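Working notes for the structure below.
Number of protein chains: 2
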Amino acid sequence: MSEEIRNRILAAAARVYAQYGFRGATTRLIATEADVNEVTLFRTFGSKAELLQAMLQTQVAATAVPMISSDTSDPVKELTRWCATVLEYLRGHAHLIRKTIAEAEERPDAACAACEGPNSAGHSLVLFVEHLRDEGLADPDADVETAVSMFMSAMFGDALYRDVMPHVFPQPVEAAPEKYVTTFMRAVGLRATVLPDRSRQARVAGTRRRSR
Amino acid sequence: MSEEIRNRILAAAARVYAQYGFRGATTRLIATEADVNEVTLFRTFGSKAELLQAMLQTQVAATAVPMISSDTSDPVKELTRWCATVLEYLRGHAHLIRKTIAEAEERPDAACAACEGPNSAGHSLVLFVEHLRDEGLADPDADVETAVSMFMSAMFGDALYRDVMPHVFPQPVEAAPEKYVTTFMRAVGLRATVLPDRSRQARVAGTRRRSR
DNA sequence: GTAGCAAGCAAGTACCTACTTGCTTGCATC
DNA sequence: GATGCAAGCAAGTAGGTACTTGCTTGCTAC
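The structure is reproduced here in structure tokens:
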């Protein structure tokens, strides 16, 4: 029974914190949002700081981080799928991440926990592309690390800032993963597969050209 | 005489706000930071909200936004120079931008003013690359808008998050503009000029590869 | 010199903040 | 039915917040 209340408080804390940040997330607000007496909050977590720390751990660290698979049979498909998953993950935590990063100087430990996931996700992409390169599918001259870092930044930017400054994201939400992947692949010189074209012309399903 | 004090308050407000955000920027803190009586602050600006709004306008809107020139004689050089300028500009306002964007939902007008500059900067880059494309220097198939949006996101990410999560930015600060530009140019298919290579091996000047 | 005015200073108002204390309620177990 | 315990409730503490008021200081212009 205590477990259910604990989770309700944590969920409420996540909502309030995502909207108002650490300073704005008052214990009173969290308590009313959780439909729980304010005292209960202190009794179960000790203090506001401990509560929000616990909230960040359960909310961020517990969520699965999307990793890219090592299956390079259809890199375009796998990359697009992965990109969409990462974007979805980041968008789901957008408000939380934004606040946590903005308050990183004041609460550095919180920021560490929040960006640990995406970091390792990026690393898995580096390995993926290097694997492709070893198979001769990507340009050996390409600066993979820089391209991946830019790719990750693009996904971060899209997920975190699209709603607040939509004019700098010309592509609609659904088309974003495909476009990012296409552009990314051009950057690392991956031409092994047919690049899906921007125009709406019919594409032959299953076509696989190896023009190298 | 009042002018000097006014500016001192605005500068202090900028520092305090950049560090603690809107809620954390107390009038007391700003006053002591400006070495001014707290009452003077209310007498010259009316309220905390008006003060911080004035601060954002003078601090952000007044700073020159780096635009890319229309000179396409040496695109690599021009792009690199521009990229370095934008990064410098963004880094100079990193804390401010970070806080303002994070609080965008609560104070949307402030966020608008803050990201107006970089937005038009991005637009100037689109025009620049389209100009290159018209001259036949860039790939006509390239998705310029997406590439530019990713490039802008990369600069934003670098400027705003490098200090808080340095591990996702493998390239050192000085080398970043060159690397971003090189990767960006690969993405838009700009091969007209010699791409500076990452490795230190001798490069043959004038080599022009069009591997398409 | 004196009038005006910008700024400092001390104190106060009304409210919000995290957090505590003492007591009551309801439920589950023996 | 008695015991224990988790949660609610009301009230209070100590401090911070934006903002105001009344008065003093110091400088500048006539």
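The listed protein sequences derive, respectively, from chains A and B.
If you read the first sequence in numbering that gives the first Met the number 0, its first letter stands for residue 0, the second for the next number, and so on.
If you read the second sequence in numbering that gives the first Met the number 0, its first letter stands for residue 0, the second for the next number, and so on.
Ideal placement from N, C-alpha and C gives every residue a C-beta, glycine not left out.
Since the structure is predicted, the reported quantities are computational estimates derived from the model, not experimental observations.
>> Beta-carbon within less than 7 angstroms of Ala11(A)'s beta-carbon, same chain only, minus the 5 sequence neighbours each way: which residues are those?
In response: Against the first sequence, residue 11(A) aligns to sequence position 12. The residues are Ile29, Glu32 and Ala33.
> In whole angstroms, what separates the C-alpha of Glu3(B) from that of Ala53(B)?
Replying inline: For the purposes of this step, residue 3(B) is taken as the residue at position 4 of the second sequence. For the purposes of this step, residue 53(B) is taken as the residue at position 54 of the second sequence. Each residue's alpha carbon lies about 15 angstroms from the other.
>> Can you tell me whether Tyr157(A) is helix, strand or coil according to DSSP?
In response: Locating residue 157(A) in the first sequence gives position 158, where the first residue counts as 1. Note that residue 157(A) corresponds to Asp in the displayed sequence, not to Tyr. DSSP places Asp157(A) in helix when its eight states are reduced to three.
> Does the beta carbon of Pro165(A) sit closer than 8 angstroms to a beta carbon anywhere in chain B?
Replying inline: Residue 165(A) sits at position 166 when you count from the first residue of the first sequence. No - not a single Cβ of chain B is within 8 angstroms of the one on Pro165(A).
> When the cut-off is 8 angstroms and only beta carbons count, does Ser152(B) lie next to chain A?
Replying inline: Within the second sequence, residue 152(B) is the residue found at index 153, counting from 1. Answer yes: the Cβ-Cβ gap between Ser152(B) and chain A drops below 8 angstroms somewhere.
> When the Cα atoms are used, what is the spatial distance from His166(A) to Val125(B)?
Replying inline: As a first step, residue 166(A) is located in the first sequence; it is residue number 167 there, counting from the start. As a first step, residue 125(B) is located in the second sequence; it is residue number 126 there, counting from the start. Those two C-alpha atoms are separated by around 13 angstroms.
> If we cut at 8 angstroms on Cβ distances, does Lys178(A) have a partner in chain B?
Replying inline: Here residue 178(A) refers to the residue found at position 179 of the first sequence. Yes, Lys178(A) lies at the interface with chain B (some Cβ there is under 8 angstroms from its Cβ).
> Going along chain A, which residues have a C-beta under 7 angstroms from Glu2(B)?
Replying inline: Within the second sequence, residue 2(B) is the residue found at index 3, counting from 1. Neighbours of Glu2(B) on chain A: none; closest Cβ ~31 angstroms, over 7 angstroms.
>> So if I threshold CB-CB distances at 7 angstroms, which residues from the stretch 82 to 99 of chain B count as touching chain A?
In response: Arg97 and Lys98
>> Determine whether the beta carbon atoms of Thr57(B) and Ile8(B) lie at a separation below 8 angstroms.
In response: Along the second sequence, one-based indexing puts residue 57(B) at 58. Along the second sequence, one-based indexing puts residue 8(B) at 9. No.
> From Thr39(B), Thr84(B) and Ala17(B), pick the residue whose C-alpha is nearest to that of Gly121(B); which is it?
Replying inline: By one-based count along the second sequence, residue 121(B) stands at place 122. Ranking the options by Cα distance to Gly121(B), first place goes to Thr84(B).
> Does DSSP classify Met164(A) as helix, strand or coil?
Replying inline: Reading the first sequence from its first residue, position 165 is the one you call residue 164(A). Note: Met164(A) maps to coil in three-state DSSP.
> Which first and last residues belong to the alpha helix (DSSP H) in which Met66(B) is found?
Replying inline: Counted from its first residue, the second sequence places residue 66(B) at position 67. Where Met66(B) is concerned, there is no enclosing alpha helix (DSSP H), given that its DSSP letter is neither H nor E.
> Quick one: which chain A residues come within Cβ less than 7 angstroms of Arg161(B)?
Replying inline: Taking the second sequence and counting its residues from 1, one reaches residue 161(B) at position 162. Near Arg161(B) there are no residues of chain A at all, since even the closest Cβ is about 10 angstroms away, more than 7 angstroms.
> Is Ala13(B) close to chain A, meaning its C-beta is less than 8 angstroms from at least one C-beta of that chain?
Replying inline: The residue given as residue 13(B) occupies position 14 in the second sequence. Ala13(B) does not count as touching chain A.
>> Quick check on Met149(A) - is its C-beta less than 8 angstroms from some C-beta in chain B?
In response: In the first sequence, residue 149(A) corresponds to position 150, counting from 1. It does; some Cβ of chain B falls within 8 angstroms.
> What residues of chain A sit near Phe168(B), judged by a beta carbon separation below 8 angstroms?
Replying inline: For the purposes of this step, residue 168(B) is taken as residue 169 along the second sequence, with counting starting at 1. Those are Ser148, listed as they occur along chain A.
> Count the other CB atoms within 10 Å of the CB of Ala17(B); is the residue buried (16 or more) or exposed (fewer)?
Replying inline: Walking along the second sequence from the start, residue 17(B) turns up at place 18. Burial call: buried.
> Going by beta carbon distance, what residues of the same chain come within less than 8 angstroms of Ala13(A), once the five residues before and after it are set aside?
Replying inline: Translated into the one-based positions of the first sequence, residue 13(A) becomes position 14. For Ala13(A), where only same-chain residues beyond five positions count, the Cβ hits under 8 angstroms are Met54, Gln58 and Leu95.
>> If you reduce the DSSP assignment to three classes, tell me which class Thr79(A) lands in.
In response: The count along the first sequence starts at 1 and reaches residue 79(A) at position 80. Of the three classes helix, strand and coil, the one that applies to Thr79(A) here is helix, per DSSP.
> According to DSSP, is Val143(B) helix, strand or coil?
Replying inline: In the second sequence, counting from the first residue as 1, residue 143(B) sits at position 144. Looking at Val143(B) - three-state DSSP - the assignment turns out to be helix.
> Tell me which same chain residues have a C-beta within less than 7 angstroms of the C-beta of Ser68(A), skipping the five on either side of it?
Replying inline: Counted from its first residue, the first sequence places residue 68(A) at position 69. Excluding positions up to five away in sequence, the list reads Glu77.
> How far does the alpha helix (DSSP H) with Gly135(B) in it reach, from first residue to last?
Replying inline: If you number the second sequence from 1, residue 135(B) lands on position 136. Here Gly135(B) belongs to no alpha helix (DSSP H), and DSSP marks it neither H nor E.
>> Just to make sure I have the definition right: I need the residues of chain B whose C-beta is within less than 8 angstroms of the C-beta of Asp142(A). Which are they?
In response: As a position in the first sequence, residue 142(A) is number 143, starting the count at 1. Those are Lys178, Thr181, Thr182 and Arg197, listed as they occur along chain B.
>> Give me the residue from Asp140(B), Asn6(B), Pro74(B) and Val15(B) with the minimum Cα distance to Leu131(B).
In response: In the second sequence, counting from the first residue as 1, residue 131(B) sits at position 132. Of the listed residues, the one whose Cα sits closest to Leu131(B) is Pro74(B).
> What residue from Ala103(B), Asp138(B), Ala109(B) and Phe21(B) has the CA that sits closest to Lys47(B)'s CA?
Replying inline: Walking along the second sequence from the start, residue 47(B) turns up at place 48. Of the listed residues, the one whose Cα sits closest to Lys47(B) is Phe21(B).
>> Taking its Cβ as the centre, do 16 or more other Cβ atoms sit within 10 Å of Arg27(A), making it buried, or is it exposed?
In response: As a first step, residue 27(A) must be located in the first sequence, where it is residue number 28. With fewer than 16 other Cβ atoms within 10 Å, it is exposed.
> Which one of Ala93(B), Glu144(B) and Asp108(B) has the shortest CA to CA distance from Glu49(B)?
Replying inline: By one-based count along the second sequence, residue 49(B) stands at place 50. The shortest Cα separation from Glu49(B) among Ala93(B), Glu144(B) and Asp108(B) belongs to Asp108(B).
> In this structure, does DSSP put Asn36(B) in helix, strand or coil?
Replying inline: In the second sequence, residue 36(B) corresponds to position 37, counting from 1. Asn36(B): coil per DSSP, three-state reduction.
> In chain order, what residues of the same chain have a beta carbon less than 7 angstroms from the beta carbon of Lys178(A), not counting five sequence neighbours either side?
Replying inline: In the first sequence, counting from the first residue as 1, residue 178(A) sits at position 179. Contacts found: Gln170.
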